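Order-wise, the sequence lines are chains A and B.
The first sequence begins at 542 in my numbering and counts up by one.
The second sequence begins at 93 in my numbering and counts up by one.
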Amino acid sequence: MAMSQRAKKKKSLKLLADFYAILIYAVFYIPVVVMMVFSFNDQRNNYYWAGFTTKWYGELFNNHALTDSLWYSVVIAVLATLISVTIGTIGALGLRKFEFKGRRFINQMLYIPIIVPEIVLAVAILVVFMTVGVRLGMGSILIGHCTFCIPYAVVTIKGRISGDDNSMEEASMDLGANRLQTFFRVTLPSIMPGVMSAAFLSFTLSIDDVVMSNMLAGAKQSTLPVLILSMSRSGVTPDANALTTLMILIIVIAMVLNNYVKSALKKRRKKEVNL
Amino acid sequence: MNLKKLTAVLLMLVLVASLAACGGGAAEEPEASTELNIYMWNEYISDELIANFEAENNCKVNLSYMSDNADAITKLTAGGGQEYDLIMTCDAYMESLVAGDYVQAINFDNVPNATANINEAYWAAKEYCVPYLMNYIYVVYDTERCPIEITGYQDLVDPALAGQIGSVDGARNLFPIALVALGYDPNSTEESEIAEAYEWLVDYNNNVVAYGGTELNITNGTVSVIFTYDGNASWAMSELGENNNLVIAPFESDPVQLGFDLYVIPKGAAHVDLAEKFLNYICVPEVMAANLEEFPYSCPNDAAVAVASDTYKNDPARDFGYKQNVFFQEDVGEAITIYNDYYQKLKVGE
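Shown next as structure tokens:
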């Protein structure tokens with residue numbers, strides 16, 4: 542009797558938990574679904590539902606402002622990711638493996654760009670650029686993005702590095718590898734998951750950044766989020782919805798592929814171990 | 093060790109210098125400019141107008157867009173003005189921009205169409221700007237759905253309107269209506285009056301469903317009253333078709349705000365010649381009249397309004413009797429911090 546009551550309680554708790562999970566996911570994804578649905582809306586300013594159409598997906602590619610700014614955003618995000626991950630890896634290794642004067646200070650200063658509100662950082666960078674004479678454009682946005690991507694990259698990668706244990710590296714060098722070989726064949730593979738998460742994080746931070754990009758964009762081109770924000774006064778047009786829908790689709794496909802490849806690799810490794 | 097450090101510092105300097113140089117190279121232009129950089133609102137000027145101007149002057153116009161008036165001001169005051177040849181701002185900022193030496197005087201010998209066609213009454217800080225379009229900020233409501241008749245700002249705090257209002261945002265749009273409702277100067281600099289206006293706006297806030305997207309919220313039925321720009325009301329009215337129930341609130345005595353979006357040439361702009369050509373071009377009556385078809389806002393260019401289409405001239409959104417009873421947003425100087433403090437309190441709570 543007591544058991545069954547307990548089971549009952551467990552079951553109702555599970556139901557509650559499921560409901561809660563569904564609720565959380567609904568809050569996350571309903572806006573995305575609404576956004577996608579409205580990409581099929583037959584109304585120029587997307588004010589209300591006026592009928593189904595797929596024309597925006599065609600018009601999207603004629604809207605050069607939109608496609609150009611997407612391209613611009615992607616190029617900046619890729620470059621920012623490469624720079625942040627490279628500097629982030631070197632920085633994380635240095636901060637974790639080597640003892641030097643001011644290490645603690647540098648470690649703590651890393652959090653400043655993460656904590657300081659982005660708008661403050663953006664205006665500060667703008668003022669510095671203007672004083673030094675750096676022209677606004679892709680370069681300025683890229684540097685701006687790196688200022689907040691690098692700390693995130695360092696922090697993420699640092700978490701993957703075991704601080705005191707250098708035995709693997711030492712073994713590698715004992716066996717005749719030089720420092721560079723050791724880095725690429727031993728150290729880097731061992732911290733690869735951290736490097737990859739840092740890369741994804743940097744890419745995401747960069748591609749949807751609006752505050753920094755808005756401040757540092759030059760006169761000729763701005764990024765996609767800045768363009769979409771500037772549409773908000775008169776209503777974001779459905780072709781922007783169409784574009785974001787396509788972007789989400791690509792991300793979902795990439796994620797599915799990633800999972801598929803990962804599980805395939807896991808299976809293969811298991812087989813190898815069993816052999 | 094020291095040599096290493098020295099090399100690092102030198103490399104750093106080279107990097108900074110090369111960055112500055114690679115940006116700087118683009119600034120050198122031949123005598124007649126072939127490029128015009130404009131920073132303004134998105135969806136606010138006709139693509140056709142831009143294309144025609146490009147064809148006529150054999151140049152490339154780069155439009156980049158702000159999402160807030162403050163964006164333009166921040167860029168200008170941070171020293172980023174020379175990136176652009178024309179920046180759009182509004183009348184309220186003009187005094188500070190001129191005082192701060194951020195904008196340059198326009199040579200109106202090169203912009204004769206502006207002098208000839210723009211109504212002087214709508215043209216403050218005349219040496220430094222050319223007004224583009226203007227906005228009345230007034231109240232529009234749906235006679236079917238709105239529970240009360242609105243004849244002044246005081247009606248907007250009527251508890252009967254709880255959950256009925258869609259509103260434009262911004263300290264300098266909201267505080268003036270409170271000040272007018274309380275019988276004060278809409279550009280007051282008295283802290284006690286602004287504090288009272290804040291209390292009034294707390295009540296107003298209770299009736300507001302959403303700030304921004306007013307035309308959207310009235311067309312889809314979320315709200316029955318909007319405090320909005322005439323251009324947005326025009327969209328809502330045409331979107332809802334001829335038999336809509338929207339009326340411009342018949343204000344009895346309260347004045348409405350009239351604001352201007354205008355172009356300025358920032359100090360250090362690289363293509364002043366083309367900027368002035370552009371200003372002259374948009375002041376051609378027929379050019380502006382065509383632009384008004386697409387962007388049916390009020391226009392300070394009398395000659396353009398005269399040749400505009402009947403649809404524009406008969407737009408119900410501009411058909412109201414108290415057009416002369418307006419006030420302007422004036423520069424309130426230091427008092428802006430008082431406004432901002434109370435505005436933040438209004439937005440965030442105490």
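Built from N, CA and C at the ideal position, the CB exists for glycine as well.
Fair warning: this is a prediction, and the values are worked out from it, not measured in the lab.
Query	Result
Contact set for Trp292 of chain B: own chain, Cβ-Cβ below 8 Å, skip 5 residues either direction	Val249, Ala270, Ala273 and Leu274
Outcome for Lys549 of chain A when other beta-carbon atoms lying within 10 angstroms are tallied against a minimum of 16	exposed
CB contact below 8 Å: Ala795 of chain A versus chain B	no
C-beta neighbour in chain A for Tyr194 of chain B, strict 8 Å	no
Three-state secondary structure assigned by DSSP to Tyr220 of chain B	coil
CB contact below 8 Å: Glu241 of chain B versus chain A	no
Proximity of Trp215 of chain B and Met180 of chain B at Cβ, strictly below 8 Å	no
According to DSSP, residues forming a beta bridge with Phe352 of chain B	B:Met226
Neighbour flag for Glu121 of chain B against chain A, beta carbons, 8 Å	For Glu121 of chain B, the predicted model reports a pLDDT of 44, less than 50, meaning its position is unreliable and no value from the coordinates is stated.
Chain-ordered chain B contacts of Ala758 of chain A [CB-CB under 7 Å]	Ser156
Of the listed residues B:Ser125, B:Ile142 and B:Gly441, nearest to Asp295 of chain B (C-alpha basis)	B:Gly441
Simplified DSSP state of Asp346 of chain B, which is helix, strand or coil	coil
Interface flag, Gly823 of chain A vs chain B, CB-CB below 8 Å	Examination of residue 823 of chain A is not possible in this model, given that chain A is present from 542 through 816 alone.
Short CB-CB distance (under 8 Å) between Tyr176 of chain B and chain A	yes
Cys182 of chain B - DSSP class collapsed to helix/strand/coil	strand
Short Cβ contact (8 Å threshold) for Ser138 of chain B with Ala381 of chain B	no
For Val418 of chain B, the nearest candidate out of B:Phe145, B:Phe387 and B:Gly351 (CA to CA)	B:Gly351
CB of Leu371 of chain B within 8 Å of CB of Ala206 of chain B, strictly	yes
Alpha-carbon spacing of Ala562 of chain A relative to Gln649 of chain A, whole angstroms	36 Å
6 Å Cβ shell around Ala805 of chain A - same chain, five flanking residues per side excluded	none
Ser188 of chain B and Asp365 of chain B closer than 8 Å at C-beta	no
Three CB pairs or more closer than 8 Å across the region 682-695 of chain A and the region 186-203 of chain B	no
Alpha carbon of Glu135 of chain B to alpha carbon of Met772 of chain A, nearest angstrom	7 Å
Phe639 of chain A to Gly717 of chain A span [Cα, whole Å]	22 Å
Segment limits, alpha helix (DSSP H) that includes Ile286 of chain B	Glu283 to Asn299
Beta-carbon separation (whole angstroms), Gln436 of chain B vs Arg264 of chain B, contact threshold 8 Å	So it is not a contact: roughly 14 Å between Cβ atoms.
Cβ-Cβ distance between Ile682 of chain A and Ser625 of chain A below 8 Å	no
Limits of the unbroken beta strand (DSSP E) element including Ser259 of chain B	Ile257 to Ser259
is_contact[Gly776 of chain A, chain B] using C-beta, thresh 8 Å	yes
Among A:His605, A:Lys807, A:Asn799 and A:Ser713, nearest to Thr728 of chain A - alpha-carbon criterion	A:Ser713
With 16 other Cβ atoms within 10 Å as the buried cut-off, status of Thr630 of chain A	buried
Burial state of Ser280 of chain B (16 or more Cβ within 10 Å)	buried
Whole-angstrom distance between Pro388 of chain B and Tyr224 of chain B, CA atom to CA atom	12 Å
Distance, Leu634 of chain A Cα to Ile732 of chain A Cα	10 Å
Heavy atom of the ligand COA within 7 Å of Arg726 of chain A beta-carbon	Absence of the ligand COA is noted for the structure shown, with no ligands found whatsoever.
Same chain, Cβ closer than 8 Å to Gly116 of chain B, five either side skipped, listed in chain order	At Gly116 of chain B the pLDDT is 43, less than 50, meaning the model places this residue with poor confidence and gives no usable figure here.
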